Amino acid sequence: AQSVTQLDSQVPVFEEAPVELRCNYSSSVSVYLFWYVQYPNQGLQLLLKYLSGSTLVKGINGFEAEFNKSQTSFHLRKPSVHISDTAEYFCAVTPNRDDKIIFGKGTRLHILP
Amino acid sequence: NAGVTQTPKFRILKIGQSMTLQCTQDMNHNYMYWYRQDPGMGLKLIYYSVGAGITDKGEVPNGYNVSRSTTEDFPLRLELAAPSQTSVYFCASSSLDRAYNQPQHFGDGTRLSIL
């Protein structure tokens with residue numbers, strides 16, 4: 001069975017500083033990986049996804065993530081955060097031949113002025 | 114293009130009452146899903162549907178029922194509301210082709226409190 005672990009429930013970071021949100025997964029088969037963002041009182045929006053090919057994936061709003069198969073990780077990074085990045089971020093995995101996405105518990109990003 | 118629309122946005126129920134959470138999508142997506150989101154717990158899949166007339170249980174189906182009579186609509190029914198069902202409910206959809214390859218489109222959620 002697949003599972004997703006987001007190692008930090010909350011991450012505080014100063015505005016304009018870099019941030020990394022960690023995500024590890026476990027699976028016996030190849031997977032597709034996703035990061036979603038949830039702004040307050042809204043549904044989830046897709047930030048980026050890894051399907052195949054280049055292990056460095058660029059998404060919207062200046063975010064990027066790197067797929068590391070040997071470490072089974074898919075960490076999300078941004079070189080300089082803004083107040084508007086305050087949100088909850090979810091890592092998710094879908095097995096190649098399945099249609100259900102499995103979500104991590106989320107990481108709440110707090111931007112400090 | 115409205116995407117995924119959920120109604121109502123907020124609701125307070127008394128224990129034992131019943132209600133239906135509505136979800137409709139206008140993207141002609143075959144796959145539809147219901148999730149619940151509890152603080153610090155991420156999203157848990159309640160039920161999903163791969164097409165009209167076909168539904169299946171997810172991770173936490175107890176206390177809920179669904180139906181899928183049309184491609185557009187996927188209502189979620191609570192028959193006997195319990196405090197443990199206080200949560201935020203999200204409906205989502207994705208297309209048939211390579212469903213694993215498509216991001217799910219989410220509604221804005223229904224915030225339900227059972228008192």
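Chains W and Y supply the protein sequences, listed in that same order. In case it helps, the working numbering puts the first sequence at residues 1 to 113. In case it helps, the working numbering puts the second sequence at residues 114 to 228. We put the CB at the ideal spot given by N, CA and C, even for glycine. This one's a predicted model, so the numbers in the text were calculated from it and none came from an experiment.
Residue i versus residue j: straight-line alpha-carbon distance, rounded
i: W/V29; j: W/P95; result: 7 Å
i: W/V13; j: Y/L193; result: 43 Å
i: W/S84; j: W/R77; result: 15 Å
i: W/V4; j: W/R108; result: 16 Å
i: W/Q2; j: W/V31; result: 9 Å
i: Y/F187; j: Y/R149; result: 15 Å
i: Y/M132; j: Y/C204; result: 16 Å
i: W/Y89; j: Y/K127; result: 32 Å
i: W/A17; j: W/F63; result: 13 Å
i: Y/R124; j: W/N61; result: 33 Å
i: W/S70; j: Y/L134; result: 43 Å
i: W/G53; j: W/E66; result: 11 Å
i: W/G106; j: W/Y36; result: 9 Å
i: W/K49; j: Y/L228; result: 39 Å
i: Y/K122; j: Y/M154; result: 21 Å
i: Y/L156; j: Y/Q130; result: 24 Å
i: W/S73; j: W/L56; result: 12 Å
i: Y/R224; j: Y/Y202; result: 6 Å
i: Y/A115; j: W/N41; result: 18 Å
i: Y/A195; j: W/F34; result: 33 Å
i: W/N68; j: Y/Q217; result: 23 Å
i: Y/T168; j: Y/S208; result: 16 Å
i: Y/N143; j: Y/V163; result: 6 Å
i: Y/F219; j: Y/R181; result: 17 Å
Integer Cβ distance of residue i from residue j, believed to fall under 8 Å
i: Y/G176; j: Y/L191; result: 7 Å
i: W/Q38; j: W/L47; result: Their Cβ separation, rounded to whole angstroms, is 10 Å, which puts W/Q38 and W/L47 out of contact at 8 Å.
i: W/F103; j: W/A92; result: 5 Å
i: W/L51; j: W/N24; result: Not really, about 19 Å apart at Cβ, beyond 8 Å.
i: Y/S200; j: Y/D151; result: 5 Å
i: Y/A165; j: Y/T137; result: Rounded, the Cβ-Cβ distance is 13 Å, inconsistent with contact.
CB contact check: residue i to chain Y, cutoff 7 Å
i: W/Q10; result: no
i: W/L76; result: no
i: W/G104; result: yes
i: W/G62; result: no
i: W/S42; result: The question names Ser, yet the displayed sequence has Gln at residue 42 of chain W. Taking Cβ atoms only, chain Y reaches closer than 7 Å to W/Q42, which makes this a yes.
Chain W within 7 Å of residue i, Cβ atoms only
i: Y/D186; result: no
i: Y/M154; result: yes
i: Y/G220; result: yes
i: Y/F203; result: yes
heavy atom of the ligand NAD below 6 Å from residue i C-beta
i: W/V81; result: Although the ligand NAD was asked about, the structure shown includes no ligands whatsoever.
Worksheet item: What are the complete beta strand (DSSP E) segments, minimum 3 residues, inside the stretch 5-79 of chain W?
Response: 10-14, 19-21, 23-26, 31-38, 44-50, 56-58, 64-68 and 73-78
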